[in-house]
Amino acid sequence: MGISLWLIPPPEVSQKLEVVIKSIASRYSSPTFQPHVTLYSFPITDPNILLPPQDQLPPTIPITFQRVCTGKTWSQSVLIELEKMEDSVLQALYNQVENIRADLANKEGVPMTKKFFYPHLSLYYGDPPMEVKEEIAASLKADGTVSTSGPLTVGGVEQGFHVSEIWAVNTGGPVEGWEVLKKVKLPAVGAGHS
784 MGISLWLIPP PEVSQKLEVV IKSIASRYSS PTFQPHVTLY SFPITDPNIL LPPQDQLPPT
844 IPITFQRVCT GKTWSQSVLI ELEKMEDSVL QALYNQVENI RADLANKEGV PMTKKFFYPH
904 LSLYYGDPPM EVKEEIAASL KADGTVSTSG PLTVGGVEQG FHVSEIWAVN TGGPVEGWEV
964 LKKVKLPAVG AGHS
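Mapping the sequence shown onto the working numbering, position 46 (from 1) lands on 829, and the numbers just tick up by one.
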């Protein structure tokens, strides 16, 4: 079992991105899942030790879309690559959680390796040949689901969003069995992006 920390869009953004995910899933027989940005995954079972205390969480976490592209892993097959800046709120939160991981590894001997942070929001899970992944990404542009004229827009979501909640999710086993263990709402939630 492992627990992943997911950054969740506001409901209206989640609904729009979920339409995109379900559309791809129906065409390519892939799993459906809650739209999210994985902040970190841990090989532990207690979600309470993963999250920073509520009063140490940022009031808002802006997420900015960079491009839609393909990846090399099952969970990063077709995705929205997100802006990664060293001085961003997103990077600061990742660093904060990485420090929790390092403390666990040092204090409790929990075997966890530091991971490269690649902020993204997956649209498709699967392991087809690269040509199929590229076909999916191209079809999203061809049918207007993805627009690059102006700010990057995906499924009607322009440029990005502000995270509304952080979820701790048991991501062991098949996608259909993933279980939300804990939800933490951020205090300043806005659907738009600035």
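Backbone N, C-alpha and C define an ideal beta-carbon position, used for all residues, glycine too.
Here's the rule: buried if 16 or more other CB atoms are within 10 angstroms of the residue's CB, otherwise exposed. What is residue i?
| i | result |
| --- | --- |
| PRO970 | exposed |
| TRP857 | exposed |
| PRO842 | exposed |
| SER947 | buried |
| PRO830 | buried |
| ALA921 | exposed |
| SER797 | buried |
| TYR877 | buried |
| LYS916 | buried |
Compare the Cα-Cα distances from residue i to each of the options and report the closest residue.
| i | options | result |
| --- | --- | --- |
| GLY943 | SER813, PRO836, THR847 and ILE832 | THR847 |
| VAL802 | ILE844, GLN837, TYR823 and VAL929 | VAL929 |
| TYR908 | VAL861, LEU790, LEU822 and SER824 | VAL861 |
| GLU795 | HIS945, LYS966 and ILE807 | HIS945 |
| ALA808 | SER824, ASP910 and VAL967 | ASP910 |
| LEU923 | ALA951, TRP950 and THR853 | THR853 |
| PHE816 | LEU822, LYS805, PRO826 and ARG810 | LYS805 |
| TYR901 | GLN859, ASP886, VAL915 and ALA925 | GLN859 |
| PRO845 | ILE883, MET913, GLU914 and ASP870 | ASP870 |
| GLU914 | ASP838, LYS855, ASP926 and GLN837 | LYS855 |
Under DSSP, the alpha helix (DSSP H) around residue i begins and ends at which residues?
| i | result |
| --- | --- |
| ILE786 | Taken as a continuous stretch (DSSP letters only), ILE786 belongs to no alpha helix (DSSP H), being part of the beta strand (DSSP E) at 786 to 791. |
| VAL820 | First-last for VAL820: 820 to 825, but that is the beta strand (DSSP E), not the alpha helix (DSSP H). |
| LEU923 | 913 to 925 |
| ILE832 | No alpha helix (DSSP H) holds ILE832; DSSP gives it neither H nor E. |
Excluding five sequence neighbours on each side, which residues of the same chain lie with their C-beta closer than 8 Å to the C-beta of residue i?
| i | result |
| --- | --- |
| LEU800 | PRO792, PRO818, LEU904, LEU906, VAL937, GLY938 and VAL940 |
| GLU959 | PRO814 |
| PRO957 | PRO814 |
| LEU833 | ILE786, LEU788, TYR823, PHE825, ILE827, VAL880, ILE883 and ALA951 |
| LYS965 | PRO830, ASN831, LEU834, TRP950 and ALA951 |
I think residue i touches residue j, with their Cβ atoms under 8 Å apart; what is that distance to the nearest whole Å?
| i | j | result |
| --- | --- | --- |
| ILE786 | ASN889 | Not really, about 19 Å apart at Cβ, beyond 8 Å. |
| VAL880 | LEU788 | 6 Å |
| VAL820 | LEU790 | 4 Å |
Who are the near neighbours of residue i in its chain, counting only those whose CB is closer than 7 Å to its CB and skipping five residues on each side?
| i | result |
| --- | --- |
| VAL934 | A quick correction: the sequence has Pro, not Val, at residue 934. Result list for PRO934: GLU941 and GLN942, in chain order. |
| ILE863 | PHE848, VAL851, HIS903, LEU904, LEU906 and VAL937 |
| VAL963 | TRP950 and VAL952 |
| ILE919 | ILE807, TYR811, VAL861 and TYR907 |
State the start and end residues of the unbroken beta strand (DSSP E) segment that holds residue i.
| i | result |
| --- | --- |
| GLN849 | 845 to 853 |
| TYR908 | First-last for TYR908: undefined, no H or E at that position. |
| LYS966 | 962 to 968 |
| VAL958 | Run containing VAL958: none; DSSP gives neither H nor E here. |
Got a sec? Which residues, its chain only, sit under 6 Å from residue i by beta carbon, not counting five neighbours each side?
| i | result |
| --- | --- |
| GLU866 | THR847 and GLN849 |
| LYS968 | GLU948 |
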